[in-house]
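K.L.:
Residue numbering for the first sequence follows this note's numbering, beginning at 449 and increasing consecutively. Think of the CB as a built atom: it goes at the ideal place given N, C-alpha and C, for glycine as much as any other residue. Predicted model only: the values in this text are computed from it and were never measured. First the structure, which I've put down as C-alpha cells, then a few questions once you've had a look.
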Amino acid sequence: MEGVEEYPYLKDLNAAQREAALQIDGPVMIVAGAGSGKTRVLTYRIAHMVAQGVDPYNILALTFTNKAAREMRKRIETVVGLEARSLWMGTFHSIFARILRVEADKLGYPPNFSIYDSDDSKSLIRTIVKELKLDDKVYKANMVLNRISTAKNNLILSDAYNKSDDIKASDTASGRPEIAKIYDAYTARCFRAGAMDFDDLLLNMYKLLTKFPDALNKYQHMFRYIMVDEYQDTNHCQYMIIKKLAAVNENICVVGDDAQSIYSFRGATIQNILNFERDYPDLKIYKLEQNYRSTQTIVNAAGSVIDKNKDQIKKKVWTSNDLGDRIRVVRSVTDNEEGQFIAQSIFEERMQKQMQNSDFSILYRTNAQSRSLEEALRKMNIPYRIYGGQSFYQRKEIKDLLAYLRLVVNHHDEESLKRVINYPTRGIGKTTMERVIVIASEQGCSLWDVVSNAGSFPILSSAAGKLLNFSTMIRSFATLLQKKDAYEVAIEVAKSTTLLHTLNSDKTVEGISRYENVVELLNGIKEFSEDDTRDIEKNLAVYLQDIALLTDADQEDGDDNKVALMTIHAAKGLEFPHVYIAGLEENLFPNQMSTGSRKDLEEERRLFYVAVTRAEKKLTLSYANTRFRFGQLLPCEPSRFLQEIDQQYLQLDPNNFVGNQVRSNERPTRYGKGPGMQGGVRRPPQKSQRPQVTRGKAVPQHRPQVIPDFVPEDITDLKAGDRIEHQRFGKGQVEQVEGMGEHRKATIMFDEYGKKQLVLRFAKLRFLKD
DNA sequence: TACTAAGCTCTTTTT
DNA sequence: GAGCTTAGTA
C-alpha cells in the first residue's frame, strides 16, 4: 500500500486490521471478534488520523469504561506523543458531562450540577414513594429506577411516559400504575436539586443536540471524526446522539462484536448495529476474525458455546496459535473449598511455571462471590486486587465527605444535604427534616432554600437556629471556592466539620481504616489539583463530576503484581494468561434472574463467551456442590454451560461429576414472593433446556429447613445447656441466661455463627429435641 | 433526639 | 451477609 513506509506502526497490523485502520473517512463498521486486536486497530486508526494532519481536538472516541479509555489514550500517546492529550477520549458519560457543564445554562441547570449515583437516585425514589403515600413494597426503588432508566434510555420523557397508553397498560398490568407519577416527581426533584443521574447525562446531551441548533452545529463541526468502541453495548439514546453528531461529516467508525453484547439490562440493543447499516448504506464493513489471544482449544471451545445462540451475526473466529492445554473442569464441595482449590492451584502454577501473580485472573458472575475467594487467597498469602465491587467512593466515610463537598459546590443537592445535615450530629433530627421536606414540596423550592430561610417558617422555630448555623457554615465554605484550590477547600471542610477529628478519634481497626480512607481521598483531591497532564479546569466542581463517574476499577494499579478478581462484566476488554471462572452453577451462572427467557439465557451465554475468551493460555472452570447464598447454604448444580462446551476440549477433574450429575427435578424457588422482574412472571425453563437426569452419584440435598412458627412464649423457661434453633442463625447451644422476666438475655453458641447474645423477648427461637 | 438491637428484605451485571 | 427500618431505651 502506498505510503505505508511513512507509518512504521502499520507494520504491526495484519491485512484486515490495516485496511480498517486506514479507512478513516466515511462510515465504517468493524466487526471484531474476541482477541482480534480491536484496540490495536483503533489506536493505530487514531494515530493515522493524527499523522494525516487531523487535529486530535477534532477526534471523539467513546468507550464504555474509563479503564478502556485510559488504556487507549496511553497507547495512542506512545505512538503519537503528547498531542494525544487533546483528544476527546472517554466514556459516554464523562465526555457528555464535560460538555454539559459548559452548556448547562441552556438546559436550565447550574454549571456545577451534581451527578447522582444510583444510591442517590434510589434514595430519592424512596422519598418520593413515601411522599406520594404509595406502598414501598410494590414500588421498590430498584424496580422503579429501572423502569425510569429504561424509559430515559429510549428517549421517553416523563410527559410521553404519562401519555403513552401502552406504558400505562403495562404498568397497570404489573400492579404499578403510579410509576408515571413517580417519574414526573423524580425528574422535577432532580432538576430542582440541580442534579443529573447517569441516564440524564445521556438524555440531556440528546436534548442539547435536538433543541439547540447552534450547539448541534458546534459539536458536529468540532467532532469531525467519531469512533465508538463496544458499539454492541450502546442503547437507543446513545445511538441517537452519535447519529446526530455524525450527521454532517459522516466520519464515523463503530467497533463491536455482537457475541460480546452483555449490557442489554442497561438498554443496549443489537438493533443499533442493524440500524447502523440502514442509516449508512455506503458504509464499509471490516471483519476481524483472527484471534491472536488464545489457544485453539480456548477459541474453539468458546465458539462451541456461542454457536448455541440463535440471535447472532455468524462469523468464524479462528486462530493460528497452538492447540494448548485442555480446559480443566473442577468440582468442589463448597464455595469455600472452591476458593481454596483456586488459591492452591495459583500457588502451584506460579511456583512451577515461574509465573507472576498478575498472570492470573479469577472471574465470577456476581460480586458477592469474591468473599470466599478472597479468604482463600489471603490464607495462602497470595496478593490480589478486586476490581469493582464496593467502590472506594461508595464507602460511607468517603460519601460523607463527598456529600459535604457536593453541597458546597451545589447547595441545592438534596441527597447530599440530607446525608450530612446531621452528621456529625448537630441536633437536627428526623422530625425537623421531615418538616423541611414538607415545606420544600409545598413551596416548590429546594431543601436548601428552606434550611437557609429556616427563620421564616414558624413550624421550624425550635430548630431554626441549628439549621441556620448549618447553612452559614456551608456558605462560608462556598466563599473559599473562589480563592482556594480543590484540595484546600476539601481540607478546610474536613477539619471544620470535625469530620476528620471524629474519624481520627475512633481507634478501632475499622475506625483507623475509615480515617485512612478519608486521608486517601484528600490526597486524591490534591493530586487532581496538581495534575497537569489533562487539559481541563481544575476546580472542586470538576473534580466531583469526574469522580462521580469513576468506579473502583479506575484507581491506578501502579506496578503491582496481584491476582485480579472481578466480575465478568468488568473483565471485558482484558486478557490474562491464566483465567479461572468460578461458580459455574445453574442459577448462579447462568444467573437465576436470567434463565426465564431465551433472550436472557443467550445473554448469559455471551457472558460466558466473554469470560472464556479472556484466557490466553490456560482456562480452569470451577463449580461447587453447595454455596452459601441468600444467608443459607444451598445445594448447587453444575452450570448448563459445562455441558454445552464441546466435551473434547475439557479435561475433567477425577472427582468431578459433569455429565453424570444427578439433578433434582425441582428448581430452587426464587427468593421472596411476588411477580418476577420486569413485567410479570418469568416462565420456568423449558423441559428441553433442562439437562438430562442420568445415572451417577447422588448429591445430598441440604434443603434449608423452613420453620413455620417461632413462638416467643416457647422460650420462657430457656436455660443454659438447651439446644435451640434460631430463625436466622440456625442451631446453637445456650451458654448462659441472665436478667429477669421479659428482659432476659441469652448468650448462645451458634453452630454456624459462633457466639451471639440475644434479647429473649425478640429472639425467635424454638427448642430442639435431639 | 440519639443510640442500639432485632428484624426484614433483597441478592446480577455498570456508568 | 449487607443495608435499611423499626421499636425500645437512655
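Please state if the CB of residue 731 and the CB of residue 465 are separated by a distance shorter than 8 Å.
P.N.:
Contact: no.
K.L.:
The alpha helix (DSSP H) that contains residue 890, what's its start and end?
P.N.:
Here the alpha helix (DSSP H) through residue 890 covers 878-891.
K.L.:
Work out the CA separation of residue 611 and residue 724 for me, nearest whole Å.
P.N.:
Using only the alpha carbons, I get a separation of about 29 Å.
K.L.:
Rounded to a whole number of angstroms, what is the C-alpha to C-alpha distance between residue 460 and residue 691?
P.N.:
About 32 Å.
K.L.:
Just checking my contact of residue 592 with residue 573 at CB under 8 Å: how many whole Å lie between their CB atoms?
P.N.:
Between residue 573 and residue 592 the Cβ distance is about 5 Å, and since that is below 8 Å, they are a contact.
K.L.:
Can you tell me the Cβ-Cβ gap for residue 902 and residue 894, rounded? I've got them flagged as a contact below 8 Å.
P.N.:
Not confirmed; about 13 Å, so no contact.
K.L.:
Near residue 715, what residues of its chain come up, given a Cβ to Cβ distance below 8 Å and the 5 sequence neighbours on each side ignored?
P.N.:
Once the five neighbours on either side are set aside, the close Cβ partners of residue 715 are 597, 598, 601, 602, 683, 684, 685.
K.L.:
Report the rounded CA-to-CA distance for residue 661 versus residue 645, giving the unit in angstroms.
P.N.:
Those two C-alpha atoms are separated by around 24 Å.
K.L.:
State the start and end residues of the unbroken alpha helix (DSSP H) segment that holds residue 1048.
P.N.:
Here the alpha helix (DSSP H) through residue 1048 covers 1046-1060.
K.L.:
Could you check what DSSP says for residue 922 in three-state terms: helix, strand or coil?
P.N.:
The answer is helix: DSSP assigns residue 922 an H, G or I state.
K.L.:
Along the chain, where does the beta strand (DSSP E) that runs through residue 645 open and close?
P.N.:
Residue 645 -> beta strand (DSSP E) spans 643-645.
K.L.:
Apart from the five residues just before and just after residue 919, which ones in its own chain have a Cβ nearer than 6 Å to its Cβ?
P.N.:
So the list reads 899, 900, once near-sequence residues are dropped.
K.L.:
Excluding the 5 residues preceding and the 5 following residue 568 in the sequence, name in chain order all residues of the same chain whose CB lies nearer than 6 Å to its CB.
P.N.:
Result list for residue 568: 863, in chain order.
K.L.:
Do three or more CB pairs link the region 555-568 to the region 983-997 at distances below 8 Å?
P.N.:
Segments in contact, yes.
K.L.:
Could you name the residues of the same chain whose beta carbon sits closer than 6 Å to that of residue 696, not counting the 5 residues immediately before and after it, in chain order?
P.N.:
These residues qualify, in order along the chain: 668.
K.L.:
Mapping DSSP to helix, strand and coil, what is residue 793?
P.N.:
In this structure, residue 793 counts as helix in the three-state DSSP scheme.
K.L.:
Measuring alpha carbon to alpha carbon, tell me which residue in 637, 487, 1073, 978 is nearest residue 932.
P.N.:
When only C-alpha atoms are compared, the closest one is 978.
K.L.:
Pick out the complete alpha helix (DSSP H) segments inside the region 685-758, 4 residues or longer, and give them in chain order.
P.N.:
DSSP runs (the alpha helix (DSSP H)) wholly in the region 685-758: 719-727, 744-754.
K.L.:
Quick check on this structure: which residue in 1030, 1052, 1047 has the alpha carbon closest to the alpha carbon of residue 1038?
P.N.:
Ranking 1030, 1052, 1047 by Cα distance to residue 1038 puts 1052 first.
K.L.:
Is the number of C-beta pairs between the region 630-646 and the region 669-676 that are closer than 8 Å three or more?
P.N.:
No, they do not touch.
K.L.:
Could you check which residue in 729, 470, 458, 482 has the C-alpha nearest to that of residue 1063?
P.N.:
Per the Cα distances, 482.
K.L.:
Considering just the uninterrupted stretch of the beta strand (DSSP E) at residue 631, what are its terminal residues?
P.N.:
Note, residue 631: premise wrong, no beta strand (DSSP E); alpha helix (DSSP H) at 627-640.
K.L.:
Determine the direct distance from the alpha carbon of residue 577 to that of residue 875, and round the result to whole angstroms.
P.N.:
About 26 Å.
K.L.:
Hey, which unbroken runs of the alpha helix (DSSP H) at 4 residues or more fall wholly within the region 500-531?
P.N.:
Qualifying alpha helix (DSSP H) stretches, in chain order: 514-528.
K.L.:
How many Å lie between residue 961 and residue 474 at the Cα?
P.N.:
So the alpha carbons of these two residues sit roughly 53 Å apart.
K.L.:
Pull the bridge partners of residue 1074 from the DSSP assignment, please.
P.N.:
In DSSP, residue 1074 forms a bridge with 782, 1083.
K.L.:
In the DSSP assignment, the beta strand (DSSP E) including residue 1256 goes from what residue to what residue?
P.N.:
Past the boundaries of the shown model lies residue 1256; the chain is included only from 449 to 1218, so the question cannot be answered.
K.L.:
What would DSSP say about residue 592, mapped onto helix, strand or coil?
P.N.:
Correct three-state label for residue 592: helix.
K.L.:
By Cβ distance below 7 Å, which residues in the same chain neighbour residue 1017 in space, the five residues on each side in sequence not counted?
P.N.:
For residue 1017, where only same-chain residues beyond five positions count, the Cβ hits under 7 Å are 710.
K.L.:
Assign residue 1086 to one of two classes, buried (16 or more other C-beta atoms within 10 Å of its C-beta) or exposed (fewer than that).
P.N.:
Classification for residue 1086: buried.
K.L.:
Just to confirm, are residue 728 and residue 698 a CB contact at a threshold of 8 Å?
P.N.:
For residue 728 and residue 698, yes; Cβs fall inside 8 Å.
K.L.:
Residues bridged to residue 766 by DSSP?
P.N.:
Beta-bridge pairing links residue 766 to 738.
K.L.:
Report the three-state DSSP secondary structure of residue 1198 (helix, strand or coil).
P.N.:
Residue 1198: strand per DSSP, three-state reduction.
K.L.:
Inspect the CB distances between the region 1092-1102 and the region 772-784 and report whether three or more fall short of 8 Å.
P.N.:
Touching, yes, given that three or more Cβ pairs across the two stretches are closer than 8 Å.
K.L.:
Once the 5 residues before and after residue 485 are set aside, which same chain residues still bring their CB inside 7 Å of it?
P.N.:
Cβ within range, chain order: 465, 736, 740.
K.L.:
What's the C-alpha gap between residue 1168 and residue 814?
P.N.:
The alpha-carbon atoms of residue 1168 and residue 814 are separated by roughly 41 Å.
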